[in-house]
Amino acid sequence: MKLYVARHGQTDWNLENRMQGQTDVPLNETGINQAKKLKRKLESYDFDICYCSPMKRAVQTADIAVDGRAPILYDDNLKERSYGDYEGVDCATWNIDENDRRLNTNEGGMEPIKTVLARSKKVLERIKKENPDDAKVLVVAHGALLQALHFTIVGYDDDTDFDSFELENAALAEYEI
């Protein structure tokens, strides 16, 4: 199975380096243009179905990029990681390692990294269960969730540097699963 994953386009909070988490922030004008650029890139890709986070920024990106070429299914497990009290806060002011699996922090009401990894595993299992082995699947979601999905696919352990993989806004990655 071919899996394409895309991060949503830019929001004002991305531009301001503010953590969005599950705060439902829409795309800004740049994000809309990035989604249009993603649409042009996807024109050279075949995909049968799109799985998408139900959050505004992902829905807007998927609607523009898919442009009716395939059905879009929404999955709450694709929502961004909840960052609790850190949502809306400038990321540069953080003094925690939110991705350390040993710490598995829930400081400030943050969703523990192990929970995000478990959600990404559920998404992958759903995709495999609902699609044939030769399917081409697009996923549109969020930075931390796609980071977790990446490591769910390629593997990880307690020493994995989760920050070693990051998708920019409206970027696309490909996997064979």
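Residue numbers for the sequence shown, in this note's numbering: 14 to 190. Idealized CB from N, CA, C, for every residue including glycine. Being a predicted model, the structure only gives us computed values, none of them experimental.
Just curious, the alpha helix (DSSP H) that residue i is in, first and last residue?
i	result
V136	I126 to E143
V167	G156 to V167
L16	Counting along the chain, L16 falls outside any alpha helix (DSSP H), though it belongs to the beta strand (DSSP E) covering K15 to R20.
L51	E42 to L55
D76	K69 to V79
So if DSSP puts residue i in a beta bridge, which residue, or which two residues, is it bridged to?
i	result
D172	Paired residue(s): none; D172 is not in a bridge.
M64	In the sequence as displayed, the identity of residue 64 is Tyr instead of Met. In DSSP, Y64 forms a bridge with L86 and V152.
D103	R31
T24	L40
Check for me: the beta strand (DSSP E) holding residue i runs from which residue to which?
i	result
I85	I85 to Y87
E187	L185 to E189
I1	The structure shown has nothing for residue 1, since the chain only spans 14 to 190.
Counting contacts by CB-CB distance shorter than 9 Å, is residue i in contact with chain D?
i	result
T24	In the displayed structure, chain D is absent; only one protein chain is listed.
Do residue i and residue j have their C-beta atoms closer together than 9 Å?
i	j	result
D61	R139	no
M14	K134	no
A157	R94	yes
V79	L185	no
L137	I85	no
M32	G122	no
H23	N182	Strictly speaking, residue 23 in this sequence is Gln, with His absent from that position. Closer than 9 Å, so yes.
D103	N30	yes
Tell me which same chain residues have a C-beta within less than 6 Å of the C-beta of residue i, skipping the five on either side of it?
i	result
H163	F178
D25	N41
L71	First, the residue type needs correcting, since residue 71 is Ala and not Leu in the sequence shown. H21, C65, V153 and A154.
R132	N90
Between the options, which has its C-alpha nearest residue i's C-alpha?
i	options	result
R114	G34, T36, D176 and R31	D176
D171	K54, G97 and N112	N112
P39	Y169, P67 and I109	P67
L28	D37, Y169, Q35 and T43	T43
C63	I45, S57 and R82	R82
A120	W107, D37 and D147	According to the sequence provided, residue 120 is Glu. The question's Ala does not apply to it. When each option's Cα is compared against that of E120, the closest is W107.
Y188	K69, G168 and T74	G168
Y96	G34, A161 and E56	G34
Once the 5 residues before and after residue i are set aside, which same chain residues still bring their CB inside 7 Å of it?
i	result
N117	P125, I126 and K127
K50	A183
If you drop the 5 nearest sequence neighbours on each side, which residues of the same chain put their C-beta closer than 8 Å to that of residue i?
i	result
K69	D37, V38, P39 and L40
K2	Residue coverage of the chain in this structure runs from 14 to 190, which leaves residue 2 outside it and unanswerable.
Q73	H21, G22, P39, L40, G44, I45 and A48
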